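Taking the working numbering, the leading residue of the sequence shown gets 256, the next gets one more, and so forth. By construction, the Cβ of each residue, glycine as well, lies at the ideal position given by its N, Cα and C atoms. Here the structure is a predicted model, which is why all the values come from computation and not from measurement.
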Amino acid sequence: MSKQDIFKQIKPEIKKVFGSSSRLVSKLRSICSILIDNIDYCDWAGFYILEEGMLHLGPFVGNETEHSVIEIGRGICGQVADRKETLIIDDVTKEDNYLSCSIKVKSEIVVPVIVDGKIFGVIDIDSHQKSAFSLEDKAFLECVAKHISSAVEYKES
Ligand code: SME
């Protein structure tokens, strides 16, 4: 199945999550499950949420990670939170500023979730395959991030 077909298939599931009245944390957990269950090259999916100047591990699906708190600027997640721009890493072994949570991970995409121009958190997805993520994944995940921003804004208004 092509990436476009996978995304087309899971879009209604994602929409359903955001249409529900569940708590934000449950919504985020559901998003992780949908991504892991449907995208074969996703081996870890999770959120880091900014609280008191640090990124804190939120809902995730995959192996436990030692990186439960990450400073802004550190690792891929910290850089994305700093720059507020998506990063796609084709080969994590070539990165100096990278925090490894498993030697199996070969590539990664991290997408910012921005609310009112400020970082709310990041979506982090790891793959055991090199160069797993493309601009198609970026576009799809940035759309998911926008849904999350709207859900946060709605909750806070
Ligand atoms: N690799 C990330 C750290 C999080 S773990 O992958 C779950 C990073 O470099 O920021």
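Task: residue 377 and residue 404 closer than 8 Å at C-beta - done: no
Open item on the list: Quick check: what's the CA-CA separation for residue 397 versus residue 366?
Closed with: 7 Å
TODO: May I ask you to check if the CB of residue 453 is nearer than 7 Å to at least one heavy atom of ligand 1?
DONE: Because residue 453 is not part of the residues shown, which for the chain are 256 to 412, the question remains open.
TODO: Could you please give me the residues that DSSP links to residue 309 through a beta bridge?
DONE: 306, 326
Open item on the list: Any heavy atom of ligand 1 closer than 7 Å to the beta-carbon of residue 414?
Closed with: Past the edges of the chain, shown from 256 to 412, lies residue 414, and the structure says nothing about it.
Task: Classification of residue 338 by the beta-carbon crowding that lies within 10 angstroms, buried from 16 upward - done: exposed
Task: Straight-line gap, residue 346 to residue 380 (C-alpha atoms, nearest Å) - done: 13 Å
Task: Unbroken stretches of the alpha helix (DSSP H), 4 residues or longer, contained in the segment 328 to 389 - done: 330 to 338
TODO: Answer yes if the segment 354 to 364 comes into contact with the segment 279 to 293, meaning at least three C-beta pairs across the two stretches below 8 Å, and no otherwise.
DONE: no
Task: Best match in 387, 280, 312, 364 for proximity to residue 325 [C-alpha to C-alpha] - done: 312
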